[in-house]
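Visitor:
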Amino acid sequence: MDTQPARYYAYFTDADAADGEDDELEVLVESWDADGRALILDQAEGRLVVAKDRPGFLRVERYNQPQVRGVLPGGNWRLRAKEGPSSHSRVGSPVIAFLVYDTYVRPVTSLPSPNGRWTTTSARYDLFQSD
Numbered sequence: 000m001d002t003q004p005a006r007y008y009a010y011f012t013d014a015d016a017a018d019g020e021d022d023e024l025e026v027l028v029e030s031w032d033a034d035g036r037a038l039i040l041d042q043a044e045g046r047l048v049v050a051k052d053r054p055g056f057l058r059v060e061r062y063n064q065p066q067v068r069g070v071l072p073g074g075n076w077r078l079r080a081k082e083g084p085s086s087h088s089r090v091g092s093p094v095i096a097f098l099v100y101d102t103y104v105r106p107v108t109s110l111p112s113p114n115g116r117w118t119t120t121s122a123r124y125d126l127f128q129s130d
């Protein structure tokens with residue numbers, strides 16, 4: 000059994016979904032068996048099982064969210080909105096750290112939003128060094 004750094008999800012039909020709701024369930028693929036089949040956790044049985052053998056199986060997909068490769072300290076960097084009342088501020092929000100991805104760096108000024116994503120983009124914010 001070999002665990003993978005990339006995330007994969009197995010999708011199943013949700014027989015309990017109400018009309019108008021999403022009728023698919025996504026389950027994290029925990030590992031792969033020797034034959035290359037996706038294994039998921041069956042909580043009732045307390046063991047890994049082959050996803051394709053479970054009722055309602057649809058497909059397996061790779062989760063393509065970029066992975067953080069490192070973290071750098073924020074130093075004297077600050078962030079301010081390009082528009083709105085704080086756009087002319089000389090203070091801005093202090094950058095706590097920079098998350099380093101494969102092709103870009105993202106400043107962090109607080110905890111992520113409830114959906115687990117930072118919403119800082121260069122289109123909406125200016126990055127500057129404090130005096």
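At position 57 of the sequence shown (counting the first as 1) the number is 56 in numbering that gives the first Met the number 0, and the numbers step up by one without a gap.
C-beta: ideal position from N, C-alpha, C; glycine also.
This one's a predicted model, so the numbers in the text were calculated from it and none came from an experiment.
(1) With 16 as the cutoff for other CB atoms within 10 Å, does A50 come out buried or exposed?
(2) So, using beta-carbon positions, are V70 and A96 closer together than 7 Å?
(3) Could you tell me which residues DSSP puts in a beta bridge with D125?
(4) Tell me which residues share the same chain as T12 and place their Cβ nearer than 7 Å to its Cβ, disregarding the 5 neighbours each side in the sequence.
(5) Within this structure, are the beta carbons of Y7 and V26 separated by less than 7 Å?
(6) For G69, report the span of its beta strand (DSSP E) as first-last.
(7) Tell me, which residues are paired with S92 by DSSP?
(8) Taking the beta carbon of V94 as the centre, do at least 16 other beta carbons fall within 10 Å, making it buried, or is it exposed?
(9) By DSSP's criteria, Y62 is part of a beta bridge. Which residues make up the other side?
(10) Using DSSP with H/G/I as helix, E/B as strand and the rest coil, what is F11?
(11) Let me know if R77 comes out buried or exposed under the rule of 16 or more other beta-carbons within 10 Å of its beta-carbon.
Guide: According to the structure shown:
(1) In the sequence shown, the residue the question calls residue 50 occupies position 51. Residue environment analysis places A50 among the buried positions, since at least 16 neighbouring C-beta atoms fall within 10 angstroms of its C-beta.
(2) To locate residue 70, count along the sequence shown from 1; it is residue 71. To locate residue 96, count along the sequence shown from 1; it is residue 97. Closer than 7 Å, so yes.
(3) Taking the sequence shown and counting its residues from 1, the one referred to as residue 125 is at position 126. In the DSSP output, where bridge partners are listed per residue, D125 has R79.
(4) Here residue 12 refers to the residue found at position 13 of the sequence shown. Within the same chain, T12 has close Cβ partners D22, E23, G55 and L57.
(5) Locating residue 7 in the sequence shown gives position 8, where the first residue counts as 1. Locating residue 26 in the sequence shown gives position 27, where the first residue counts as 1. For the pair Y7 and V26, the CB atoms are not nearer than the 7 Å cut-off.
(6) Here residue 69 refers to the residue found at position 70 when the sequence shown is read from its first residue. Counting along the chain, the beta strand (DSSP E) containing G69 begins and ends at G69 to P72.
(7) By 1-based counting over the sequence shown, the position of residue 92 is 93. Bridge partners of S92 according to DSSP: L78.
(8) If you number the sequence shown from 1, residue 94 lands on position 95. Under the 10 Å beta carbon count, V94 is surrounded by 16 or more other beta carbons and is classified as buried.
(9) Within the sequence shown, residue 62 is the residue found at index 63, counting from 1. Looking at the DSSP assignment, Y62 forms no beta bridge with any residue, so it has no partner.
(10) Here the question's residue 11 lines up with position 12 in the sequence shown. Judged by DSSP in its simplified three-state form, F11 adopts strand.
(11) Within the sequence shown, the letter at position 78 stands for residue 77. Around the CB of R77, 16 or more other CB atoms lie within 10 Å, so the residue is classed as buried.
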